[in-house]
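Engineer: Numbering-wise, the sequence shown is residues 1 to 364 according to the numbering used here. One structure follows; several queries about it will come next.
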Amino acid sequence: MQIQKRIVPQAAPPSLDPKNIAFGKIVTPHFFCCEYRDGAWRDARIEPVHNFSLHPAALVFHYAQAIFEGLKAYQHDDGGIALFRPEMNARRFNASASRMSMPHVDEQLFLDAVQELVKADHAYTPPFPGSLYVRPTMIGVEPCIGVKSSSEFIFFILTLPAGSYFPELPSGAGAVDVLISESVVRAAPGGTGHVKAAANYAVTLQVITQAKEVGCAQVLFLDSAPQRHVEEMGGMNILFVDGGELVTPPLGGTILNGVTRDSILTLARDMGLTVREHAYAFDDMMERIRSGRITEVMACGTAAVITGIRGFKLENGARIPVGDAAPGPVTSKLFEQLQGIQYGRVPDRHNWVTQVVPAGAAVR
Ligand SMILES: Cc1ncc(COP(=O)(O)O)c(C=O)c1O
């Protein structure tokens, strides 16, 4: 599908020092938008960002028919700008659409729309260690009070300059404390934990607020079974260094197949590490941390990259420190490799990087 463009020239972008950008607050001047009506996507366009006018009965307001994605464009040292594995996001977007009874977006349209939008607002891409966060979203907008799938949808994409995800780590690297949620469950077998349904995030907001109140940056969720296996965090996957091996919970339908997780497992194998997918029972994980067998724990995701976890807090107030130093040596090595590829500083041996803006184009 042809993408129409109405690009309005802008004054110089605001200061893009990654240390001063609050994550998620600044939206670039243009967005991509198209509508699904009468069984087809129509009117693909890039235009100045504007408010939507929706009927109060739009299905998304009542039954949460909404999905999204998150990926990033990175400014390389030569001024070029590149996306990291966008085709994985296109595929996952359609997996989410299937689960939420929404229409697929042709993968090529998804990729073209992301690329054209990044090109249009590329001047808003902060230099290293910043990035341009890309947020594709789909909502069901048919006005109808009735539990059914919408017949009309909007697919839109926003871009936002991003610095560090965690305000307490302005340089992007470091370690945080994480609250283990023993009472709130995020996903259950047969549910939607493996896709990016907006409602998955709404159900975590209460416990995220509680986590912040006790100095934790994220929440680790356990599964819904009585054994309480470790799953993932509200917006990140989790990895452990256990007896020198890299261990992460398996993709069993209740956790997200993270692009970062997949990339780290590949890089770890390249580095000669043994990689194992294993779901720790909560008590076993605690015992291994206390005994020093687990030496490092890390959170990973597009927004957070790779962040060390220096300690866990429990709902009863206890704090369990992890290892001697966070981020530990394996965490730091994986962080350097991953960021190196994303910023064009390390050879891209797996063809993960898609150049969008040629060298020399970006303002540094
Ligand atoms: C629940 C959840 N888990 C894991 C991730 C990490 O996925 P990715 O590496 O694709 O960003 C995310 C981020 O999108 C997420 O929301």
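Positions of the beta carbon are idealized from the N, C-alpha and C atoms, including for glycine.
When the Cα atoms are used, what is the spatial distance from Pro358 to Gly80?
Structural biologist: Within the sequence shown, the letter at position 358 stands for residue 358. Within the sequence shown, the letter at position 80 stands for residue 80. Answer to the nearest angstrom: the Cα atoms are 5 Å apart.
Engineer: State the Cα-Cα distance for the pair Gln65 and Phe153, rounded to the nearest angstrom.
Structural biologist: If you number the sequence shown from 1, residue 65 lands on position 65. If you number the sequence shown from 1, residue 153 lands on position 153. Cα-Cα distance, rounded: 9 Å.
Engineer: Grab the span of the beta strand (DSSP E) containing Ser53 for me, first residue to last.
Structural biologist: Counting from one through the sequence shown, the residue named residue 53 turns up at place 53. Where Ser53 is concerned, there is no enclosing beta strand (DSSP E), given that its DSSP letter is neither H nor E.
Engineer: Checking 8 Å against the spacing of the C-beta atoms, do Phe31 and Val49 come in under that value?
Structural biologist: On the sequence shown, residue 31 is found 31 positions in, with the first residue counted as 1. On the sequence shown, residue 49 is found 49 positions in, with the first residue counted as 1. Yes. Within cutoff.
Engineer: What whole-angstrom Cβ distance do Val214 and Thr204 have, given they're in contact under 8 Å?
Structural biologist: Residue 214 sits at position 214 when you count from the first residue of the sequence shown. Residue 204 sits at position 204 when you count from the first residue of the sequence shown. Between Thr204 and Val214 the Cβ distance is about 16 Å, and since that is not below 8 Å, they are no contact.
Engineer: Alpha carbon to alpha carbon, what distance is there between Asp43 and Ile208?
Structural biologist: For this step, residue 208 is matched to residue 208 along the sequence shown. For this step, residue 43 is matched to residue 43 along the sequence shown. Spanning the two alpha carbons is a distance of roughly 38 Å.
Engineer: Counting beta carbon pairs with one atom in the region 230-242 and one in the region 283-300, are three or more of them shorter than 8 Å?
Structural biologist: Flag = yes, the region 283-300 and the region 230-242 touch.
Engineer: By the three-class DSSP mapping on this structure, what secondary structure does Leu111 have?
Structural biologist: Here residue 111 refers to the residue found at position 111 of the sequence shown. Leu111 falls in the helix class under three-state DSSP.
Engineer: Taking the Cβ atom as the reference point for each residue, do Ala162 and Ile46 lie within a distance shorter than 8 Å?
Structural biologist: By one-based count along the sequence shown, residue 162 stands at place 162. By one-based count along the sequence shown, residue 46 stands at place 46. Not in contact: Ala162 and Ile46 (Cβ atoms no closer than 8 Å).
Engineer: Ser150 to Thr137, Cα distance in whole Å?
Structural biologist: Numbered from 1 along the sequence shown, position 150 holds the residue referred to as residue 150. Numbered from 1 along the sequence shown, position 137 holds the residue referred to as residue 137. Distance between the alpha carbons of Ser150 and Thr137 is about 15 Å.
Engineer: Could you spell out the range, first to last residue, of the beta strand (DSSP E) harbouring His30?
Structural biologist: Locating residue 30 in the sequence shown gives position 30, counting from the first residue. Note, His30: beta strand (DSSP E), His30 to Arg37.
Engineer: So what's Ser263 in DSSP terms, helix, strand or just coil?
Structural biologist: Walking along the sequence shown from the start, residue 263 turns up at place 263. Reduced to three states, the DSSP call for Ser263 is helix.
Engineer: Out of Ala211, Arg186 and Ile67, point me to the one whose CA is closest to Asn94's CA.
Structural biologist: Position 94 of the sequence shown, counting from 1, holds the residue named residue 94. Minimum Cα distance to Asn94 is reached at Ile67.
Engineer: Residue ranges of each alpha helix (DSSP H) run of no fewer than 4 residues wholly in the region 238-302, ordered along the chain?
Structural biologist: Correct list: 259-270 and 282-290.
Engineer: Does the Cβ-Cβ distance between Phe23 and Tyr165 come in under 8 Å?
Structural biologist: As a first step, residue 23 is located in the sequence shown; it is residue number 23 there, counting from the start. As a first step, residue 165 is located in the sequence shown; it is residue number 165 there, counting from the start. It is a contact, given that the beta carbons lie within the stated cut-off.
Engineer: So, under 8 Å CB-CB, Lys19 and Pro167 are touching, yes? Tell me the CB distance rounded to an integer number of Å.
Structural biologist: For this step, residue 19 is matched to residue 19 along the sequence shown. For this step, residue 167 is matched to residue 167 along the sequence shown. Contact flag wrong, Cβ pair sits at about 10 Å.
Engineer: What span of residues does the beta strand (DSSP E) with Leu222 cover, start to end?
Structural biologist: Walking along the sequence shown from the start, residue 222 turns up at place 222. Looking at the DSSP string, the run of the beta strand (DSSP E) that includes Leu222 is Gln218 to Leu222.
Engineer: For Asn51, does the count of other Cβ atoms within 10 angstroms reach 16, so buried, or fall short, so exposed?
Structural biologist: What you label residue 51 is simply residue 51 of the sequence shown in a count that begins at 1. Exposed, since its Cβ has fewer than 16 Cβ neighbours within 10 Å.
Engineer: Hey, would you say Ala57 sits closer than 8 Å to Pro126, going by beta carbons?
Structural biologist: Taking the sequence shown and counting its residues from 1, the one referred to as residue 57 is at position 57. Taking the sequence shown and counting its residues from 1, the one referred to as residue 126 is at position 126. No, Cβ-Cβ distance for Ala57 and Pro126 is not below 8 Å.
Engineer: Comparing the CB of Leu334 with every heavy atom of ligand 1, is any distance shorter than 7 Å?
Structural biologist: As a working note, residue 334 is residue 334 in the sequence shown. No; taking the cut-off as 7 Å, the Cβ of Leu334 has no heavy atom of ligand 1 nearer than that.
Engineer: May I ask whether a heavy atom of ligand 1 can be found less than 7 Å away from the beta carbon of Lys119?
Structural biologist: Along the sequence shown, one-based indexing puts residue 119 at 119. It does not: the Cβ of Lys119 is nowhere closer than 7 Å to a heavy atom of ligand 1.
Engineer: Please report the distance separating the alpha-carbon of Glu287 from that of His278.
Structural biologist: Numbered from 1 along the sequence shown, position 287 holds the residue referred to as residue 287. Numbered from 1 along the sequence shown, position 278 holds the residue referred to as residue 278. Using only the alpha carbons, I get a separation of about 16 Å.
Engineer: Can you look up Lys313 in the DSSP assignment and give me helix, strand or coil?
Structural biologist: Position 313 of the sequence shown, counted from the start, is the residue given in the question as residue 313. In this structure, Lys313 counts as strand in the three-state DSSP scheme.
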